[in-house]
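Residue numbers for the sequence shown, in mature numbering (1 follows the signal peptide of the UniProt record, and there is no 0): -26 to -1, 1 to 314.
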Amino acid sequence: MRQLGHSTHALMMACAFWLLSIPALATPDMPDPPTLDRLADRAGALPRTHTLMVAINGETVIERGYRGHRTNQTANIKSLSKTLMSALVGAAIERGVIDSVNQPIVELLAPDQIPNNADPRIREITVGQLLSMQTGLERTSGQHYGAWVASNNWVRNALSRPFVAEPGGQMLYSTGNTHLLSAALTQATGHSTLALMRDWLGAPLGISIPPWTRDPQGIYFGGNEMGLTPQALLAFGEMYRLGGHYNGRQILSGDWISASWQPRTHSFYNDDDYGYGWFSGEIEGEPVYYGWGYGGQVLFVVPGRAMTVVLTSDPTPPSSGRYLARIKAVVAQLIQATAE
């Protein structure tokens, strides 16, 4: 066998020493079954809870259904679907369908979707600003939601709204933003958002994605009314926790996940930061990233605790905005239970 040169041998020894000197990655304690049962009961005691799933270190440690609901049953995830739309946009960028987050949205839409009398500033709105809710356009959510979904063209209606801030400025949470992304993906690929979700996310994750609501032009609703099982949401969350890797495949790039979790604006609804379809904050000293839908549809990823949490709830009104704080209290208890 050919002998190694002195410099090569020294380099290999240095690398070996470096590898051995790396401290073992901390792993959270696994709560005992009685503790897990107690935490699951606390989650179920919340008046709206339908299901709870918790994975720690890739192992599902809680899987509960409440009030007749099951974790393999499709749930309306409401605005949590914005988090799925963000993943789809990331997949589109990786495939070259979208140039980057800096591409103007008007370049991706059909010409007849652009209103003739729209403010010229709509040509400044980028894909990234849509994802981070920084378009500056009047919202289609809140008090404007009913009129928007009753309109005969959701895309043109969203783009016709007045600017109430400058593009790239404050956060103005608006479901119309993510619906514009759905329209852009449909136009740019010639395939429905449903087909793209199934091809780019569903198949590699091994999850089923059923059809959901479409607008009057047949574009799948980008940002609301999507249906997934809690089991599917857990797989999606675990993929993000693992840096885009799942089932032996790299489904999304780690760079996209980092970009999605980077704070870009701030929400006055929950006092947390917002990136590309993900809220971020801190619970019990741990950084957390989460998607949030009306009524209490949540997906939490807690990387420092190797934890993913899915909780689905009654999606029908009324639901107080303060309900999220009660869900966060459950997540805090789960984090406490894994403290070393």
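Glycine residues also receive a C-beta, built at the ideal position from the N, C-alpha and C atoms. Fair warning: this is a prediction, and the values are worked out from it, not measured in the lab.
*Could you name the residues of the same chain whose beta carbon sits closer than 6 Å to that of ALA65, not counting the 5 residues immediately before and after it, in chain order?*
TRP174
*Cβ of GLY269 within 8 Å of Cβ of ASP288?*
yes
*Give the range of the beta strand (DSSP E) segment to which MET281 is assigned.*
281 to 287
*Three-way DSSP call (helix, strand, coil) for GLU258 in this model*: coil
*If you drop the 5 nearest sequence neighbours on each side, which residues of the same chain put their C-beta closer than 6 Å to that of GLY267?*
ILE51, LYS52, SER53, LEU54
*By Cβ distance, which residues of its chain are closer than 7 Å to ILE88, with the 5 residues on each side in sequence left out?*
VAL80, LEU133
*Candidates GLY176, ALA299, PRO237, ILE225: closest to ILE257 by CA position*: ALA299
*Assign SER148 to one of two classes, buried (16 or more other C-beta atoms within 10 Å of its C-beta) or exposed (fewer than that).*
buried
_Residue burial classification, ARG279 (beta-carbon count within 10 angstroms, cutoff 16)_ = buried
*What are the start and end residues of the alpha helix (DSSP H) that includes GLN103?*
101 to 105
*Leaving out five residues on either side along the sequence, give the residues of the same chain with a beta carbon under 8 Å from the beta carbon of HIS240.*
MET145, ASP246, ASP247, TYR248
*Report yes if the C-beta distance between GLY265 and VAL272 is below 8 Å; otherwise report no.*
yes
*Would you mind stating whether SER60 and GLY217 have Cβ atoms separated by less than 8 Å?*
no
*When we look at the beta-carbon of ASN151 and count the other beta-carbons within 10 Å, is it buried (16 or more) or exposed?*
buried
_Whole-angstrom distance between ASP229 and LEU(-16), CA atom to CA atom_ = The predicted model places LEU(-16) with a pLDDT of 38, which falls under 50 and marks its position as unreliable; any figure quoted below should be read in that light. LEU(-16) and ASP229: Cα-Cα distance of roughly 30 Å.
*Determine, using beta-carbon pairs with one atom in the stretch 64 to 78 and one in the stretch 155 to 174, whether at least three such pairs fall under 8 Å.*
yes
*Hey, is the stretch 177 to 190 in contact with the stretch 81 to 101, meaning 3+ C-beta pairs nearer than 8 Å?*
no
*So is SER(-6) buried or exposed if we call it buried at 16+ other beta carbons inside 10 Å?*
Residue confidence for SER(-6) is low, a pLDDT of 33 falling below 50, so the modelled location carries little weight; the figure read from the coordinates is stated next. Exposed is the call here.
_Beta-carbon separation (whole angstroms), ARG135 vs GLU112, contact threshold 8 Å_ = 4 Å
_Contact set for GLN310: own chain, Cβ-Cβ below 7 Å, skip 5 residues either direction_ = GLU258
*Alpha-carbon spacing of ALA14 relative to SER156, whole angstroms*: 36 Å
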